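Q: Got a structure for you, written out below as structure tokens; questions coming shortly.
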């Protein structure tokens, strides 16, 4: 649905069944403009769907999410196994686009006498009387207006709190505040966490450049401890609020999310007790002694920051007591550049070069093995999974151990 005053668009689809026993799939339920936070900050409320009969999606571009027509989605759309939409935004929310082969004829039939498109509101009767997913009143999205006092409404209080996840974020920001958005790469990484939940169960996880903390919160539903790190007091405060909003999800499994400052441009962790989100000696000891998984999503947009991230990964890997696996999510963004007079992916190319250099790094202590992850794992979250989304893993192990191979040992990817 769309609201021209807020510039938002969203679609409701039924996600596939989630593998973890205590997890289910997340469904976009509300986009809530928040009045008492800074302007243009929203609270997106997602609903966990506990339907174990939902269809799974193993396609690289979204596949079949299950056909749940709404007032904004005519019956039949989304049931062909094609990508759910082509109007994707940087935050993964999209408006369904028609793929009817007769669209040219339809367009001609809906022009007024001046040749302008005459948009006709689709009647409610277009909804499928027997939807494949949850009842309509459970999945229909709403945008609450800013003047409403109760931003969550009575509806959020009716269901179990463990059915809902809430993320405070912005819809558009200047470059220095991109961490306040919810990016497709974070949803893509969260999908992988839900798929490989046994890999994270009981582990200590460190996320670099966590932004709003979505991936960290999802990881904490199965991990023992998640260090959710970034820079900037306002961003970290937003992340902390998101962790607090979703404490009901992590409490049942005993998972803990610790929001901390970690600046890739500095060699040491901040331990000043007067600085918000600084590290205690206990935190640092736990980080180095128990961390086995590192995460990063959609942080490869600036070459200098990419270099800083890889240096940070190497530095941390040398300090960690255990072998570790790093999992990186990246979106290959195509841009026309004047320097090349062509469409290029300079930030992505630099990321790939950094992966290559890391694998070829001559290190007498550690070995880095780099491989991509196929995007064939099920899609648990409602977003547009485009072909440009990629996952990379790095398996880090001491050089004294036998050389791992794809056929005989697990591999670590970045």
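In UniProt numbering, the protein residues as written are 1 to 414. Ideal Cβ positions, reconstructed from N, Cα and C, are used throughout, including at glycine. Fair warning: this is a prediction, and the values are worked out from it, not measured in the lab.
#1: So if DSSP puts residue 327 in a beta bridge, which residue, or which two residues, is it bridged to?
#2: To which residues of the same chain is residue 226 closer than 6 Å at the C-beta, ignoring the five residues directly before and after it?
#3: Let me know if residue 242 comes out buried or exposed under the rule of 16 or more other beta-carbons within 10 Å of its beta-carbon.
#4: Could you pull out every residue in the same chain whose Cβ sits closer than 8 Å to the Cβ of residue 212, ignoring the five residues on either side in sequence?
#5: Would you identify the three-state DSSP class for residue 333, choosing helix, strand or coil?
#6: Please name the residue in 328, 322, 347 and 324 whose C-alpha comes closest to that of residue 334.
#7: Can you tell me whether residue 369 is helix, strand or coil according to DSSP?
#8: To the nearest angstrom, how far is the alpha carbon of residue 321 from that of residue 224?
#9: Alpha helix (DSSP H) containing residue 239: first to last residue?
#10: Would residue 192 be called buried (16 or more neighbouring beta carbons within 10 Å of its own) or exposed?
#11: Keeping to the same chain, check which residues put their C-beta closer than 8 Å to that of residue 319; ignore five residues upstream and five downstream.
#12: With 16 as the cutoff for other CB atoms within 10 Å, does residue 265 come out buried or exposed?
#13: Select from 40, 208, 195 and 397 the residue whose C-alpha is nearest the C-alpha of residue 380.
#14: Should residue 374 be labelled buried (16 or more other beta-carbon atoms within 10 Å of its own) or exposed?
#15: Is the beta carbon of residue 325 sitting closer than 8 Å to the one on residue 284?
#16: Using the Cα positions of residue 277 and residue 43, report the straight-line distance between them to the nearest angstrom.
#17: Considering only C-alpha positions, which residue in the set 171, 40, 188 and 45 is nearest to residue 376?
#18: Going by beta-carbon coordinates alone, are residue 313 and residue 299 separated by less than 8 Å?
#19: Give the DSSP-derived three-state secondary structure of residue 43 in the structure shown.
#20: Span of the beta strand (DSSP E) holding residue 265?
#21: How big is the Cα-Cα spacing for residue 246 and residue 214?
#22: Counting C-beta neighbours from all protein chains within 10 Å, is the total for residue 255 16 or more, i.e. buried, or is it exposed?
#23: Would you kindly work out how many angstroms separate the C-alpha atoms of residue 371 and residue 202, rounded to a whole number?
#24: When you compare each of 250, 260, 275 and 393 to residue 210 by their alpha carbons, which one comes out closest?
#25: So what does DSSP say about residue 204, is it helix, strand or coil?
#26: If you draw a straight line from the alpha carbon of residue 291 to that of residue 280, how long is it in whole angstroms?
A: Judging by the given coordinates:
#1: 295 and 393
#2: 205, 216, 219, 220 and 257
#3: Of the residues assessed, residue 242 falls on the buried side of the cut-off, its CB having 16 or more other CB atoms within 10 angstroms.
#4: 167, 168, 169, 179, 180, 181, 182, 186, 238, 239 and 242
#5: In this structure, residue 333 counts as coil in the three-state DSSP scheme.
#6: 347
#7: strand
#8: 17 Å
#9: In the DSSP annotation of this structure, the continuous segment of the alpha helix (DSSP H) that includes residue 239 starts and ends at 233-245.
#10: buried
#11: 288
#12: exposed
#13: Of the candidates 40, 208, 195 and 397, the residue whose Cα lies closest to the Cα of residue 380 is 195.
#14: exposed
#15: no
#16: 22 Å
#17: Measuring from the Cα of residue 376, the nearest candidate turns out to be 188.
#18: no
#19: For residue 43, the secondary structure class from DSSP, reduced to helix, strand or coil, is strand.
#20: Looking at the DSSP string, residue 265 is not in any beta strand (DSSP E), and its letter there is neither H nor E.
#21: 10 Å
#22: Buried, by the Cβ-count rule.
#23: 25 Å
#24: 260
#25: Note: residue 204 maps to strand in three-state DSSP.
#26: 16 Å
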